[in-house]
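In the numbering used here, the protein residues as written are 1145 to 1433. Ideal Cβ positions, reconstructed from N, Cα and C, are used throughout, including at glycine.
As structure tokens, then:
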């Protein structure tokens, strides 16, 4: 069973809304968990996490809500950008600490022209993870590493992420299981049973994709709130993860620019439908992928 208290919303659910309306959206739907972002305005900035508002203002607006994560520090595996990422992470941690956020998400590089070998990519990621882990620990925070299933991603699968965490020896990181990226990476039911360590999953991101496009052509722009006509098999992954023992939180993370046009009523309707689908799905038996 997935109780509503385990379900949250990412700011991407309503990217065009002010922080106040986003908070209202959560509270109107009895959602207690939210995720903040540093990229709603386009290029990621630390200032975007709070919409340029003071910490006290954000605390007031989000009172009664648990901020699950801050999304995200990108290019986390880049040796060239490591020092810059360390500086950015330190600033993000300062904001997170003041807002009582406990976890920050890290994403890999997306670059089709990346010429590093698999071994070098892993080595660079391991080095970065050790640096990030030390900074997070100094603030009492944790990290979440999110593999991206895109063909140009240097970290596509959950088992690659697991291997990097194991080699690095860090103990304050877990992994994000994003159903969209599981689909792109071709993660199967057998993979979840045999290769995915569910105990290392710290959060599950959910979205759906309308039929009609090839897997290789899918992009973040195709990601919407939950719908029965879903090409990416989101709810099947949810069932499988639940059946494998996952007991953590879930969060809706669509990416389509269409969501910027939604008003409070439209977004609220979508959340209500999506929550109901997740709750009903969890009661059903797992399907083979």
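Check: Whole-angstrom distance between residue 1338 and residue 1150, CA atom to CA atom; Outcome: 25 Å
Check: Simplified DSSP assignment, three categories, for residue 1432; Outcome: With a pLDDT of 44 at residue 1432, under the threshold of 50, the modelled position of this residue cannot be trusted, and the question is left open.
Check: Entirely enclosed alpha helix (DSSP H) segments - the region 1259 to 1321, minimum 4 residues; Outcome: 1262 to 1283 and 1302 to 1312
Check: Closest residue to residue 1350 among 1364, 1359, 1161 and 1343 (Cα-Cα distance); Outcome: 1364
Check: Buried or exposed (CB count within 10 angstroms, at least 16 for buried), residue 1128; Outcome: No answer is possible for residue 1128: the residues shown for the chain start at 1145 and end at 1433.
Check: Same chain, Cβ closer than 8 Å to residue 1358, five either side skipped, listed in chain order; Outcome: none
Check: Alpha-carbon spacing of residue 1354 relative to residue 1329, whole angstroms; Outcome: 18 Å
Check: Distance, residue 1210 Cα to residue 1195 Cα; Outcome: 17 Å
Check: CB-CB length for residue 1175 against residue 1213, believed under 8 Å; Outcome: 15 Å between Cβ atoms; not a contact.
Check: Candidates 1145, 1162 and 1384, of which the one nearest residue 1205 by Cα; Outcome: 1162
Check: Segment limits, alpha helix (DSSP H) that includes residue 1226; Outcome: 1226 to 1242
Check: Nearest neighbour of residue 1243, chosen from 1266, 1271 and 1193 [CA to CA]; Outcome: 1193
Check: Boundaries of the beta strand (DSSP E) in which residue 1212 is found, first to last residue; Outcome: 1210 to 1217
Check: Buried or exposed (CB count within 10 angstroms, at least 16 for buried), residue 1274; Outcome: exposed
Check: Minimum C-alpha distance to residue 1288 - residue among 1309, 1158, 1295 and 1382; Outcome: 1309
Check: Contacting residues, own chain, Cβ-Cβ under 6 Å from residue 1431 (five flanking each side not counted); Outcome: In this prediction, residue 1431 has a pLDDT of 46, which is less than 50 and means its spatial position is unreliable; nothing more can be read from the coordinates.
Check: Distance, residue 1367 Cα to residue 1325 Cα; Outcome: 11 Å
Check: Per DSSP, the bridge partner or partners of residue 1248; Outcome: 1214 and 1287
Check: Simplified DSSP assignment, three categories, for residue 1189; Outcome: coil
Check: Buried versus exposed, by CB contacts within 10 Å (16 or more), residue 1342; Outcome: buried
Check: Test item: CB-CB of residue 1327 and residue 1276 under 9 Å; Outcome: no
Check: Beta-bridge pairing of residue 1155 - partner residues as DSSP gives them; Outcome: None, per the DSSP bridge assignment.
Check: Residue span of the alpha helix (DSSP H) that contains residue 1415, given as start and end; Outcome: 1408 to 1425
Check: Short Cβ contact (9 Å threshold) for residue 1382 with residue 1340; Outcome: no
Check: Distance CB(residue 1323)-CB(residue 1378) smaller than 9 Å; Outcome: yes
Check: Whole-angstrom C-beta distance between residue 1396 and residue 1418, which should lie under 8 Å; Outcome: 6 Å
Check: Neighbourhood of residue 1429 by C-beta, 6 Å cutoff - its chain only, sequence neighbours within 5 removed; Outcome: For residue 1429, the predicted model reports a pLDDT of 48, less than 50, meaning its position is unreliable; a value from the coordinates is still stated below. Nothing meets the Cβ criterion.
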